[in-house]
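Residue numbers (our numbering), protein chains in the order written: chain A, 931 to 1283; chain B, 24 to 253.
Note that the Cβ used here is the ideal one computed from N, Cα and C, for glycine as well.
Computed from a predicted model, the values in this text were never measured in an experiment.
What follows is a set of notes on a single structure, which appears directly below.
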Amino acid sequence: MALLVDIQKKLPGFKLEVKFETGMNILGLLGASGSGKSMTLRCIAGIDKPDHGRIVLNGRTLFDSQKGINLPCQKRKLGYLFQNYALFPNMTVEENIGFGIGDKKRADRLAIIKKQVKMIKLEGLEKRYPNQLSGGQQQRVALARALAIEPEVLLLDEPFSALDDYLRSHMVKQLSETLANYQGVTLFVTHNMNEAYSICDKLVILAQGKIEAKGRTVEAFKSPPSLVAAQLTGCKNLSLAKYIAPFELQALDWGINLKTEIEISRQIEWVGIRAHTIELASDGKGDNVFRCWLNSTSETPSWMTVYLAVEKQTQRLDNQQIQWEVTKQMWSELKDKPQPWNLRINPEELIIV
Amino acid sequence: MEFSFIPIILSLKVAFASVIIVACSSIPIAGLMAKREFLGKDVVESIITLPLVLPPSVIGFMLLVFFGKNGPLGKLLEQWFHTRIVFTLEGAVIAAAVVSLPLMYQSVKVAMESVDQNLEKAARTLGAGELKVFFTITLPLAWNGIVAGLVLAFARSLGEFGATLMIAGNIPGKTQTMPLAIYFANESGDTRQASILVIIMTVFSFLVIYGLNRWGKGSKRDSRGGGNNA
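Written out as C-alpha cells, the structure is:
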C-alpha cells in the first residue's frame, strides 16, 4: 500500500508544490487555512486537477501530466470525508452508506451496510435522515459511507472542524480506533496541531503551498526544521538567535543567553521555547535561569497564560514577551510570590531552527 | 347567448401540453446550464430568457415567420408531415410553451445551482457517473424548484393571449382559449360569458399563487435539505 504524490498547481496568490510518499501509516497534512492542504487532497481525489506532476496509488497511475493521464474521480476508488460530511439529505443513513456500492448484489450490499452501521454503532438509526442525527453521528455516517466502497486511500478533510470541543475529543478517539482497523493509506488534513499529534504517525507541514517539514510526528514536534513548522506545531515563543559557542546562543528578542543540549551550527536563525516547558527555579543560580517580571496574564478554563518580560529588556514589544503556560494550581501559588521570579528553561526543550 | 365551456377545455389542453413540453426541455437544459461551462453560455441563456421580456406580439410574429407557410420550419412540416401549425391548437401550445419556458427554466436552474456542490462531488468520489449524480442527487434536491416552476409554467400557459392570437388565431371551438374568449366576448357585448371566464381565471390564478406560497413555507420548515450544514 503506497501513495505517491508529486504535484504542482497554480493557485491564487501562491503555487502549490507538494511531493511526498506514504504507506500504511496515517499521514497528516498540517497547515494554516489557505496553505493548500485541502487542495492537495482534492487533487488526489480527482475533484481538482493539478497543472503538473503525477499521483500514483499502489502502482496505479491516477494522474500523470506528461502521459496525459487523468483518471476521473469515479474511477479512483478513494474514500473522501468532506469537511461538512456532505451526507445526502434526501437519503437515509443506510441509503447514504449504500450509495457507493450500488453495483453489488443486493444481499452483499445489505451485509456491507449492516457491517458499517455496526462499526459506527448506529444500530437502530438506519432509517433516519441526516438532519435527524447529531454532528458526531453525521460524521460517523460519512466515514462509514466512505469506507463502504473499500477504498485504497482514505482522505479526511478537517473532519472535526464542524464539531464542538466536547464532541471533538470523543470523536478523535473513535476515529483513531476506526482507522486502526482500516487497511489502507490514510491522509488527514487539519490545521489543529493537537489533532495532528494524536492521530497521525507522520506529518507533512505545509505553508503557502510548500512543504516546510515532513517526518515522524513526534520528531516534527520536538525539532521542527523551520520557523513556520515551529509555529504550526504550537511553539508560542520564538526569537531571533545568534551563535555564541557550540553549545550557547543568544536570543536577540529576549536579550538572554541560552545553553543548548545539542551542538548548534553558526547558521542558526531562531530559537523557540514551548510555553509549557518553562520551569520555576528555586534560586537564581544555574544555567538558563532568568529573572522575569510579570507583564500580563490571560486565562483559559484549564490554564493561565502568563506574559513575562526578561530583566534586561527596556521596551516591551509583543515579540519580546515570553509566554508561559501554567496550571491553575501553580498560578495560585505563584501569584503572591515576590517578583522577579527565577525561571529555568530546560536546554533539552529548546527548539533550534 | 349560451355559456360555452369549450374555451376552458381548450385552455386546459393547451396548458397541459405546454407544461409537458416545457418540463421535458427545461430540466435537461437547466441541468447543463447550472453545472457546465461552455462557450456562448450567456448567449444561450439570454435567448431562453428573452420571451420573458419581449412583448407577446413580437413572439407571435417570430413564430409566424418560423412556422408560416414559407417559414423554414413551416415548410418542412408541410412537406414531410403534411401538417401546419398556423391557426391550429398545436400553434397555441407552441406559443404557450415558448412564453412559459423562461419561468420554468429560471426556477429549475436556481434550484439546481443551490444544490450543495459538495454533495455532487461526494457522489462522484463514491463512484457515481454524471447521470447517476443528476438523477439521485441534483434532481431530488432541486425538486421544490421544479414543482414551483411547473405550476408557474402551467398558470402562464393558461393565460397566454398575444402570441396565441397571432399564431393560432381566434377560431371558436378550435383555437379560442379562455383569454381569447374573454377578449372577444367582451368585444361583442357578451359580458356574461366574459365575466364567468374572468372569475374562473382569477380564482384559479389566486389558488396557484396562494398554494405556491403556502407550500414554499411548509417545505422550508421541514426541509430535509438543511440537514448536513451542521
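What separation, rounded to the nearest whole angstrom, lies between the Cα atoms of His-982(A) and Leu-946(A)?
Reading the first sequence from its first residue, position 52 is the one you call residue 982(A). Reading the first sequence from its first residue, position 16 is the one you call residue 946(A). Rounded to whole angstroms, His-982(A) and Leu-946(A) show a C-alpha spacing of 10 angstroms.
Assuming contact is defined by CB atoms lying nearer than 8 angstroms, are Gln-1180(A) and Lys-1172(A) in contact in what I supplied?
Translated into the one-based positions of the first sequence, residue 1180(A) becomes position 250. Translated into the one-based positions of the first sequence, residue 1172(A) becomes position 242. In this structure, Lys-1172(A) lies closer than 8 angstroms to Gln-1180(A) by Cβ.
Check whether the Cβ of Phe-993(A) lies closer than 8 angstroms to any Cβ atom in chain B.
Indexing the first sequence from 1 puts residue 993(A) at position 63. With 8 angstroms as the cut-off, Phe-993(A) does not count as an interface residue toward chain B.
Using a Cβ-Cβ cut-off of less than 8 angstroms, give me the residues of the segment 125–154 of chain B that come near chain A, in sequence order.
Within the segment 125–154 of chain B, the residues whose Cβ lies closer than 8 angstroms to some Cβ of chain A are Asp-139, Asn-141, Leu-142, Lys-144, Ala-145, Ala-146, Arg-147, Thr-148, Leu-149, Gly-150, Ala-151, Gly-152, listed in chain order.
For the beta strand (DSSP E) that contains Gly-1202(A), what are its first and last residues?
To locate residue 1202(A), count along the first sequence from 1; it is residue 272. First-last of the beta strand (DSSP E) with Gly-1202(A): 1200–1203.
Ordered along the chain, which non-local residues of its own chain (more than five positions away) have a Cβ less than 8 angstroms from that of Ile-31(B)?
For the purposes of this step, residue 31(B) is taken as residue 8 along the second sequence, with counting starting at 1. Contacts found: Met-201, Leu-220, Ile-223.
Taking only the alpha-carbon atoms, compute the straight-line gap between Ala-1037(A) and Arg-237(B) and give it to the nearest angstrom.
In the first sequence, the residue the question calls residue 1037(A) occupies position 107. In the second sequence, the residue the question calls residue 237(B) occupies position 214. Cα to Cα, Ala-1037(A) sits roughly 43 angstroms from Arg-237(B).
What is the residue span of the beta strand (DSSP E) that Val-948(A) lies within?
Position 18 of the first sequence holds residue 948(A). Residues 944–952.
Taking the beta carbon of Met-954(A) as the centre, do at least 16 other beta carbons fall within 10 Å, making it buried, or is it exposed?
Counting from one through the first sequence, the residue named residue 954(A) turns up at place 24. Met-954(A) comes out exposed.
Residues of chain A with CB closer than 9 angstroms to the CB of Ile-50(B), please, in chain order.
For the purposes of this step, residue 50(B) is taken as residue 27 along the second sequence, with counting starting at 1. By Cβ distance, chain A contributes nothing, its closest Cβ being about 17 angstroms from Ile-50(B), past 9 angstroms.
May I ask which residues mark the beginning and end of the alpha helix (DSSP H) holding Lys-1132(A)?
Taking the first residue of the first sequence as position 1, residue 1132(A) is located at position 202. No alpha helix (DSSP H) contains Lys-1132(A), which is instead part of the beta strand (DSSP E) from 1132–1137.
Within the segment 1163–1212 of chain A, note down every full alpha helix (DSSP H) run reaching 4 residues or more, in order along the chain.
Secondary structure in the segment 1163–1212 of chain A: no alpha helix (DSSP H) run of 4 residues or longer lies completely within the stretch.
Is the segment 990–998 of chain A touching the segment 1068–1075 of chain A, taking contact as three or more C-beta pairs under 8 angstroms?
Contact between the segment 990–998 of chain A and the segment 1068–1075 of chain A is absent, because fewer than three Cβ pairs lie under 8 angstroms.
Hey, could you find the ends of the alpha helix (DSSP H) Met-85(B) is sitting in?
Along the second sequence, read from residue 1 onward, the residue named residue 85(B) stands at position 62. Start and end: 79–90.
Under 9 angstroms between beta-carbons, which chain B residues line up against Phe-1090(A)? List them in chain order, please.
In the first sequence, the residue the question calls residue 1090(A) occupies position 160. The premise fails here: Phe-1090(A) is roughly 12 angstroms from chain B at the closest Cβ pair, so nothing lies under 9 angstroms.
For a quick check, are the C-beta atoms of Met-931(A) and Asn-1020(A) less than 8 angstroms apart?
Counting from one through the first sequence, the residue named residue 931(A) turns up at place 1. Counting from one through the first sequence, the residue named residue 1020(A) turns up at place 90. Cβ distance not < 8 angstroms, so Met-931(A) and Asn-1020(A) don't count as in contact.
Distance, Cα to Cα, Gly-212(B) vs Leu-35(B)?
Translated into the one-based positions of the second sequence, residue 212(B) becomes position 189. Translated into the one-based positions of the second sequence, residue 35(B) becomes position 12. If you take the alpha carbons of Gly-212(B) and Leu-35(B), they lie about 25 angstroms apart.
Any heavy atom of the ligand ZN closer than 7 angstroms to the CB of Met-1123(A)?
Only the bare structure without any ligand can be found here, which leaves the ligand ZN out of the picture.
Count the other CB atoms within 10 Å of the CB of Gly-196(B); is the residue buried (16 or more) or exposed (fewer)?
As a first step, residue 196(B) is located in the second sequence; it is residue number 173 there, counting from the start. Per the 10 Å Cβ criterion, exposed.
Below 8 angstroms on the Cβ atoms is my contact criterion, and I expect Ile-1135(A) with Leu-1162(A) to pass it. Report the Cβ-Cβ distance as a whole number of Å.
In the first sequence, residue 1135(A) corresponds to position 205, counting from 1. In the first sequence, residue 1162(A) corresponds to position 232, counting from 1. So it is a contact: roughly 6 angstroms between Cβ atoms.
Look up Thr-1116(A) in the DSSP assignment and say whether it is helix, strand or coil.
One-based indexing of the first sequence puts residue 1116(A) at position 186. In the structure shown, Thr-1116(A) sits in a strand (DSSP, three-state: E or B).
Do the segment 126–135 of chain B and the segment 50–70 of chain B meet, that is, are 3 or more Cβ pairs less than 8 angstroms apart?
yes
How would you list, in chain order, the residues of chain A whose beta-carbon sits under 7 angstroms from the beta-carbon of Ile-160(B)?
Residue mapping note: residue 160(B) aligns to position 137 of the second sequence, counting from 1. Those within 7 angstroms of Ile-160(B) in chain A are Phe-1018.
Is there a Cβ of chain B sitting closer than 8 angstroms to that of Asn-988(A), yes or no?
By 1-based counting over the first sequence, the position of residue 988(A) is 58. It does not; no Cβ of chain B falls within 8 angstroms.
Pick out whichever of Leu-181(B), Ala-178(B), Ala-204(B), Tyr-128(B) has its Cα sitting closest to the Cα of Gly-168(B).
Taking the second sequence and counting its residues from 1, one reaches residue 168(B) at position 145. Considering only alpha carbons, the answer is Tyr-128(B).
Could you tell me which chain B residues have their CB closer than 9 angstroms to the CB of Ile-1079(A), listed as they occur along the chain?
In the first sequence, residue 1079(A) corresponds to position 149, counting from 1. Residues of chain B passing the Cβ test: Thr-148, Leu-149, Gly-150.
Closer than 9 angstroms, Cβ to any Cβ of chain C: which residues of the segment 1028–1061 of chain A, in chain order?
Looking for chain C here will not work: the only protein chains present are A and B.
Among the residues of its own chain, which have a CB less than 7 angstroms from the CB of Val-1119(A), if the five just before and after it don't count?
For this step, residue 1119(A) is matched to residue 189 along the first sequence. Closer than 7 angstroms at the Cβ level, and outside the excluded window around Val-1119(A), lie Leu-959, Lys-967, Ser-968, Leu-971, Leu-1086, Asp-1087, Glu-1088.
To be precise: take each residue of the segment 202–214 of chain B, compare its Cβ to all Cβ atoms of chain A, and keep it if any distance is under 8 angstroms. Which residues remain?
none
Could you please give me the residues that DSSP links to Asn-93(B) through a beta bridge?
To locate residue 93(B), count along the second sequence from 1; it is residue 70. Asn-93(B) is not bridged to any residue.
Please determine, among Ile-1141(A), Ala-1126(A), Gln-938(A), Asn-1272(A), the residue with the shortest C-alpha to C-alpha distance to Ser-1212(A).
Walking along the first sequence from the start, residue 1212(A) turns up at place 282. Ser-1212(A) has its Cα closest to that of Asn-1272(A), out of Ile-1141(A), Ala-1126(A), Gln-938(A), Asn-1272(A).
Residues in the same chain with beta-carbon distance under 6 angstroms from Ala-119(B), minus the five sequence neighbours each way, listed in chain order, please.
In the second sequence, residue 119(B) corresponds to position 96, counting from 1. If we look at Ala-119(B) and ignore the five residues flanking it on each side, its Cβ neighbours are Val-37, Ser-41, Ser-180, Glu-183.
Beta carbon of Thr-952(A), beta carbon of Val-1115(A): below 8 angstroms?
Sequence index remark: in the first sequence, residue 952(A) carries index 22 (1-based). Sequence index remark: in the first sequence, residue 1115(A) carries index 185 (1-based). Cβ distance < 8 angstroms, so Thr-952(A) and Val-1115(A) count as in contact.
Flag Gln-1004(A) as yes if its beta-carbon sits less than 8 angstroms from any beta-carbon of chain B, otherwise no.
By 1-based counting over the first sequence, the position of residue 1004(A) is 74. Yes - at least one Cβ of chain B is within 8 angstroms of the one on Gln-1004(A).
I'd like to know whether the C-beta atoms of Pro-79(B) and Val-122(B) end up nearer to each other than 8 angstroms.
The sequence position of residue 79(B) within the second sequence is 56, counting from 1. The sequence position of residue 122(B) within the second sequence is 99, counting from 1. Result yes, Cβ atoms of Pro-79(B) and Val-122(B) sit closer than 8 angstroms.
Any contact between the segment 1232–1239 of chain A and the segment 1252–1259 of chain A? By contact I mean 3 or more CB pairs, one from each, below 8 angstroms.
yes
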